[in-house]
Amino acid sequence: MFESISAEILSAMILGGVLSEQAGLDFEQKSGFILFPLCVHTLDLIVSTIGVYFVKTKPGLPSLKSSYG
Amino acid sequence: MEIIKRGFYVSLFLAMIGLYFICFNFLNVPKFPNAYMCFFFCSLIGVGVAFMFVLITQYYTDYNYGPVQSISKSSEMGHATNFITGLSVGLESTGLPVLLISTAIIGAYYFGESSGIVDSNGKVLAGLYATAIATMGMFASGVYVLSMSGFGPIADNAGGIVEMSGQDEEVRDITDRLDSVGNVTKANTKGYSVGSAALACFLLFSAYLDEVEMMTGSEFRVIDIAQPEVFIGGLLGSCTVFVFSAWSIRAVGNAAEDVIVEVRR
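First to last, the protein sequences are chains A and B.
First residue of the first sequence: 464, per our numbering; consecutive thereafter.
First residue of the second sequence: 18, per our numbering; consecutive thereafter.
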């Protein structure tokens, strides 16, 4: 899993670099395209941490009889 | 499962908002004003794929839905039918994810091309980068899915401890239910990582082709697997093998079940 994620980041960065090179953008926009995957993963860490705090349950919930969905 | 999924929805929702800001800040090109919106939609496709993967995995591994129930029903007949139905469900479960990935790749590709980023010769670019963004969008809640998979072994071990220490029936009921949720979440991560690996291998192919072209400076596209149609053709072709064997194996299983019922009568 980690391997495929890192491979994906690398290939996305390569593709972003090639794209911005071919489209003839200036330096700042190029770096935006290349750093975009890394930034998404930073977002991933923050967002998932927030999501984990929403997993709460009380004893007896969901009740044993009902299907848990 | 519902409670775990609630946290997943929250992180997906926050991921969508965050992705919008990241797209706006990082991919906003003054020359092509529409581009960042198109890229944002591509990342939304990725988020949708992640969501659908969770639903599909739950459908195939949760005991409230058809596939698992069909396996347990055929277990009434004996070992052989259990085996046959399990095999057919396992093979069949490849079909929907492959269809989903194919639609995601092709949708993101053409969304990216419609972003209007062109090179100096007017050639349309950005299709491949858009699929990369779709994968990024799929990973925008990847950490949450990974922690979901961590839940599986923990619940499993808790069940083992409870069973070996001879606890009450009541306690074992709870851990059994947690165990089945844990199995679903574990399978979830596997589906997720396989799906992302399929997308990643598409990206790696195209990134590799780009690198070789840059190094050698000549055209290197004899068999162009970086065309989304070619790649999807490969995916769908290999998936039909599994789906059709699943269906024929299921037909055999159904016939065997009928025979067993007849014989036992």
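Ideal placement from N, C-alpha and C gives every residue a C-beta, glycine not left out.
Everything numeric in this text was worked out from a predicted model, so none of it was measured.
Practice item. For Phe43/B, decide whether its Cβ has a neighbour in chain A, counting only Cβ atoms nearer than 9 Å. Key: Looking up residue 43/B in the second sequence gives position 26. Closer than 9 Å: yes.
Point to revise | Beta carbon proximity, Leu490/A to chain B, threshold 9 Å | key: Along the first sequence, one-based indexing puts residue 490/A at 27. Note that residue 490/A corresponds to Phe in the displayed sequence, not to Leu. The Cβ of Phe490/A sits no closer than 9 Å to any Cβ of chain B.
**Study point:** CB contact check: Cys40/B to chain A, cutoff 9 Å
**Key:** In the second sequence, residue 40/B corresponds to position 23, counting from 1. With a threshold of 9 Å between beta carbons, Cys40/B makes contact with chain A.
Review point. Mind checking if Ile468/A is an interface residue toward chain B, Cβ cutoff 9 Å exclusive?
Key: Numbered from 1 along the first sequence, position 5 holds the residue referred to as residue 468/A. Contact with chain B is found for Ile468/A, since one of that chain's Cβ atoms lies less than 9 Å from the residue's Cβ.
Exercise for review: Return no unless some Cβ of chain A is closer than 9 Å to the Cβ of Met249/B.
Suggested key: One-based indexing of the second sequence puts residue 249/B at position 232. The amino acid at residue 249/B is misidentified as Met; the sequence shows Ile. Chain A contact via Cβ: absent.
Check your understanding: So, are the CB atoms of Leu116/B and Leu216/B less than 9 Å apart?
Key -> The residue given as residue 116/B occupies position 99 in the second sequence. The residue given as residue 216/B occupies position 199 in the second sequence. No, they are not a contact pair.
Check your understanding: Just the Cα atoms here: how many angstroms apart are Cys218/B and Arg267/B?
Key -> Residue numbering aside, residue 218/B sits at position 201 when the second sequence is read from its first letter. Residue numbering aside, residue 267/B sits at position 250 when the second sequence is read from its first letter. Taking the straight line from one Cα to the other gives about 31 Å.
Check your understanding: Rounded C-beta distance between Leu113/B and Ala263/B? I'm assuming under 8 Å.
Key -> In the second sequence, counting from the first residue as 1, residue 113/B sits at position 96. In the second sequence, counting from the first residue as 1, residue 263/B sits at position 246. Going by Cβ atoms, the distance from Leu113/B to Ala263/B rounds to 12 Å, so no, they are not a contact pair.
Check your understanding: Do you know offhand how far Ser42/B's Cα is from Val269/B's?
Key -> For the purposes of this step, residue 42/B is identified with residue 25 of the second sequence, where counting begins at 1. For the purposes of this step, residue 269/B is identified with residue 252 of the second sequence, where counting begins at 1. The displayed chain sequence assigns Asn, not Ser, to residue 42/B. Cα to Cα, Asn42/B sits roughly 57 Å from Val269/B.
Point to revise | Proximal chain A residues relative to Gly235/B, where beta-carbon distance stays under 7 Å | key: Position 218 of the second sequence holds residue 235/B. Going by the sequence as given, residue 235/B is Ser instead of Gly. Per Cβ cutoff of 7 Å: no residues; Ser235/B is ~16 Å from chain A at best.
Review point. Roughly how many angstroms lie between the CA atoms of Gly532/A and Thr202/B, to the nearest whole one?
Key: Position 69 of the first sequence, counting from 1, holds the residue named residue 532/A. Position 185 of the second sequence, counting from 1, holds the residue named residue 202/B. Note that Gly532/A scores 44 on pLDDT, short of 50, meaning its location in the model is unreliable and no value can be drawn from it.
Practice item. Measure from the C-beta of Gly35/B to each C-beta in chain A and report whether the shortest distance is under 9 Å. Key: On the second sequence, residue 35/B is found 18 positions in, with the first residue counted as 1. Gly35/B has a beta carbon lying within less than 9 Å of a beta carbon in chain A.
Exercise for review: Less than 8 Å between the CB atoms is what I'm expecting for Gly514/A and Phe128/B, so what's the real figure, rounded?
Suggested key: Within the first sequence, residue 514/A is the residue found at index 51, counting from 1. Within the second sequence, residue 128/B is the residue found at index 111, counting from 1. Contact annotation, Gly514/A with Phe128/B: C-beta distance approximately 26 Å; criterion of less than 8 Å not satisfied.
**Study point:** Buried/exposed call for Asp185/B, threshold 16 Cβ in 10 Å
**Key:** Residue numbering aside, residue 185/B sits at position 168 when the second sequence is read from its first letter. Exposed.
Practice item. Go ahead and pull the three-state DSSP assignment for Asn205/B. Key: For this step, residue 205/B is matched to residue 188 along the second sequence. Of the three classes helix, strand and coil, the one that applies to Asn205/B here is helix, per DSSP.
**Study point:** Of the residues Gly159/B, Thr98/B, Tyr146/B, the one placed nearest Val276/B, counting alpha carbons only
**Key:** In the second sequence, the residue the question calls residue 276/B occupies position 259. Comparing Cα-Cα distances from Val276/B to each of Gly159/B, Thr98/B, Tyr146/B, the minimum goes to Thr98/B.
Point to revise | As assigned by DSSP and simplified to three states, the class of Glu1/B | key: Residue 1/B lies beyond the range of chain B shown here (18 to 282); nothing can be said about it.
Point to revise | When Val503/A, Phe496/A, Tyr516/A are compared against Ser469/A, the one with the closest alpha-carbon | key: Taking the first residue of the first sequence as 1, we reach residue 469/A at position 6. With distances taken between Cα atoms, Ser469/A lies closest to Val503/A.
Review point. Between the C-alpha atoms of Leu44/B and Leu31/B, what's the straight-line distance to the nearest angstrom?
Key: Position 27 of the second sequence, counting from 1, holds the residue named residue 44/B. Position 14 of the second sequence, counting from 1, holds the residue named residue 31/B. Rounded to the nearest angstrom, the gap between the Cα atoms of Leu44/B and Leu31/B is 19 Å.
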